[in-house]
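Below is one structure; the comments refer to it alone.
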Amino acid sequence: MFTGIVQGKATVADLQRKADFMRLTLTLPQGHTDNLQTGASIAVNGTCLTVTGFEGAQVHFDLIMETLKVTNLGQLSPGCQVNFERAARFGDEIGGHLLSGHVHDQVSIVEIERPDNNCVIWFEVSPQWMKYILPKGFVALNGASLTIGEVINNRFNVYLIPETLAQTSFGNAQPGWKINLEVDPHTQAVVDTVERYLANQATA
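Sequential numbering of the sequence shown, starting at 19, is according to our numbering.
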């Protein structure tokens with residue numbers, strides 16, 4: 019499990035691509051590989067990946083076809099920066115909200131507003147996920163736990179503080195970027211339960 023509190027930005031050091039497969043090597047900032055073990059989980063742009071090996075600050079992961087299809091990791095190139103978070107441990111502070119690291123879809127950045135001392139990013143999302151996108155609800159975007167601002171048609175926005183812009187890749191975000199989306203599991207459970215209940219009542 020993860021908390022949605024991004025611990026920093028890692029740099030893509032190497033990519034080895036094969037058919038429906040990619041071996042990804044990241045360079046993590048100093049100190050973030052302490053006590054790391056092969057088999058450990060790290061969220062990369064919000065995607066739960068298993069460590070297959072590491073040397074010093076470089077960490078290796080194997081990505082298979084489903085991960086490449088659903089997430090934005092297949093679009094990476096050497097030198098790109100990604101958000102990362104090591105798996106939460108019992109007793110850790112949950113500063114964001116609990117995440118599984120199972121990405122549901124990708125959303126597109128359609129607009130970035132930069133009023134004084136603020137940053138507002140608008141996203142466009144597939145209609146199937148809109149029922150889980152609620153004003154003031156939680157959402158995870160590239161692994162960052164964020165509060166939804168406004169929701170209009172198939173778009174929603176988030177308001178980012180300077181610390182989030184500095185700590186995550188959103189500080190360099192541009193319109194057109196594809197961002198990994200994980201909807202809040204509690205919201206999803208409530209919405210799906212209510213839908214099933216109403217459907218059963220209609221057929222009773």
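Idealized CB from N, CA, C, for every residue including glycine.
Keep in mind the model is a prediction, meaning the values are calculated, not measured.
Could you please give me the residues that DSSP links to G188 through a beta bridge? Position 170 of the sequence shown, counting from 1, holds the residue named residue 188. Before going further, note that residue 188 is Phe rather than Gly in the sequence given. For F188, DSSP assigns no beta-bridge partner whatsoever.
Would you kindly work out how many angstroms separate the C-alpha atoms of L91 and V138, rounded to a whole number? Position 73 of the sequence shown, counting from 1, holds the residue named residue 91. Position 120 of the sequence shown, counting from 1, holds the residue named residue 138. Distance between the alpha carbons of L91 and V138 is about 24 Å.
Less than 8 Å between the C-beta atoms of E142 and V125, yes or no? Position 124 of the sequence shown, counted from the start, is the residue given in the question as residue 142. Position 107 of the sequence shown, counted from the start, is the residue given in the question as residue 125. Judged by beta-carbon spacing, V125 lies within the 8 Å limit of E142, meaning their Cβ atoms are closer than that value.
For K27, the nearest candidate out of R35, Q34, G49 and M40 (CA to CA): On the sequence shown, residue 27 is found 9 positions in, with the first residue counted as 1. Closest option to K27, Cα to Cα, is G49.
According to DSSP, is W147 part of a helix, a strand, or is it coil? For the purposes of this step, residue 147 is identified with residue 129 of the sequence shown, where counting begins at 1. Helix.
Same chain, Cβ closer than 6 Å to V88, five either side skipped, listed in chain order: Residue numbering aside, residue 88 sits at position 70 when the sequence shown is read from its first letter. Exclusion of the five residues before and after V88 leaves V121 as the residues of its chain whose Cβ lies within less than 6 Å of its Cβ.
Would you kindly report the start and end of the unbroken alpha helix (DSSP H) that includes D210? Here residue 210 refers to the residue found at position 192 when the sequence shown is read from its first residue. Run containing D210: P203 to T221, per the alpha helix (DSSP H) assignment.
Roughly how many angstroms separate the alpha carbons of P153 and I197, rounded to a whole number? The sequence position of residue 153 within the sequence shown is 135, counting from 1. The sequence position of residue 197 within the sequence shown is 179, counting from 1. One alpha carbon belongs to P153, the other to I197, and they sit about 19 Å apart.
4-residue-minimum alpha helix (DSSP H) runs that sit fully inside the region 83 to 142, ordered along the chain: Entirely contained in the region 83 to 142, the alpha helix (DSSP H) runs reaching 4 residues are, in chain order, 83 to 88.
Of the listed residues R107, T56, G64 and L117, nearest to D202 (C-alpha basis): On the sequence shown, position 184 is the one that residue 202 refers to. Restricting attention to R107, T56, G64 and L117, the CA atom closest to the CA of D202 is found in L117.
Taking the beta carbon of Q192 as the centre, do at least 16 other beta carbons fall within 10 Å, making it buried, or is it exposed? Numbered from its first residue, the sequence shown carries residue 192 at position 174. Counting Cβ neighbours within 10 Å, Q192 comes out exposed, since fewer than 16 surround it.
Whole-Å CB distance - V158 paired with M19, under 8 Å assumed: For the purposes of this step, residue 158 is identified with residue 140 of the sequence shown, where counting begins at 1. For the purposes of this step, residue 19 is identified with residue 1 of the sequence shown, where counting begins at 1. It should be pointed out that residue 158 corresponds to Ala in this sequence rather than to Val. Between A158 and M19 a beta carbon distance of about 12 Å is seen, past the 8 Å cut, so the two are scored as non-contacting.
Between which two residues does the beta strand (DSSP E) holding L27 run? By 1-based counting over the sequence shown, the position of residue 27 is 9. Looking at the sequence itself, residue 27 is Lys, so the reference to Leu does not match. Per DSSP, K27 belongs to the beta strand (DSSP E) from G26 to K36.
Hey, quick one: how far does the beta strand (DSSP E) through W175 stretch, first residue to last? By one-based count along the sequence shown, residue 175 stands at place 157. Going by the sequence as given, residue 175 is Asn instead of Trp. Counted as a single uninterrupted DSSP element, the beta strand (DSSP E) harbouring N175 occupies residues R173 to L178.
Given that a residue counts as buried once 16 or more other Cβ atoms are within 10 Å of its Cβ, and exposed if not, what is S144? Locating residue 144 in the sequence shown gives position 126, counting from the first residue. With fewer than 16 Cβ atoms within 10 Å of its Cβ, S144 is classed as exposed.
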